[in-house]
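S.K.: Sending over a structure as structure tokens; questions will come in a sec.
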Amino acid sequence: MILLLAFEVSAEPLAARCQSCHGLDGIARNANTPHLKDQHIAYLRQQLLDYRTRKRRHALMSAIAASLTEQQIDKLAKFYGQPHSQGAHTNSLK
Numbered sequence: 001m002i003l004l005l006a007f008e009v010s011a012e013p014l015a016a017r018c019q020s021c022h023g024l025d026g027i028a029r030n031a032n033t034p035h036l037k038d039q040h041i042a043y044l045r046q047q048l049l050d051y052r053t054r055k056r057r058h059a060l061m062s063a064i065a066a067s068l069t070e071q072q073i074d075k076l077a078k079f080y081g082q083p084h085s086q087g088a089h090t091n092s093l094k
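Heads up: the sequence shown at position 6 corresponds to 6 in the UniProt record's numbering, and the numbers run straight through without jumps.
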């Protein structure tokens, strides 16, 4: 019998992979890199899924997204995003 254990994925260690470009707080340090903070959760999730399937292309982002599970993508979107539109930005991820 094989016992499978589900471990809760914490967003902060995942977000550490994002921080060099997007900042751990979601505020990008470079003018050519979009902020993640306060984006819509659904928007961030979809962008990561699109990078993962290469529907949206960026060498680094596609490679990072390809290594993420759907659960990890959800955690990251919730970590950086906002569930409602009030105050959310609409700039796109690059």
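For glycine and all other residues, C-beta sits at the position ideal for the given N, C-alpha and C. Keep in mind it's a predicted model, so treat the numbers as computed, not measured.
Comparing C-alpha positions only, which one of Asn32, Arg52 and Leu44 sits nearest to Gln82?
M.R.: Checked all of Asn32, Arg52 and Leu44; the closest Cα to Gln82 is Leu44.
S.K.: Which residue's Cα is closest to the Cα of Ala66: Lys55, Tyr51, Leu76 and Asp74?
M.R.: When only C-alpha atoms are compared, the closest one is Tyr51.
S.K.: Tell me whether the stretch 56 to 64 and the stretch 73 to 81 touch, counting them as touching only if at least three CB pairs, one residue from each stretch, are closer than 8 Å.
M.R.: Verdict: no, contact absent.
S.K.: With burial defined as no fewer than 16 other Cβ atoms inside 10 Å of the residue's Cβ, what is the status of residue 99: buried or exposed?
M.R.: With the chain covering 1 to 94 only, the question about residue 99 has no answer from this structure.
S.K.: Which same chain residues end up closer than 8 Å to Arg17 when comparing Cβ atoms and leaving out the 5 residues on each side of it in sequence?
M.R.: Once the five neighbours on either side are set aside, the close Cβ partners of Arg17 are Ile64.
S.K.: Exposed or buried, Leu24, counting other C-beta atoms within 10 Å across all chains shown (16 or more means buried)?
M.R.: Leu24 should be labelled exposed.
S.K.: Going by Cα to Cα distance, which pick from Tyr80, Gln46 and Lys37 is closest to Glu70?
M.R.: Selected option, being the one with the closest Cα: Gln46.
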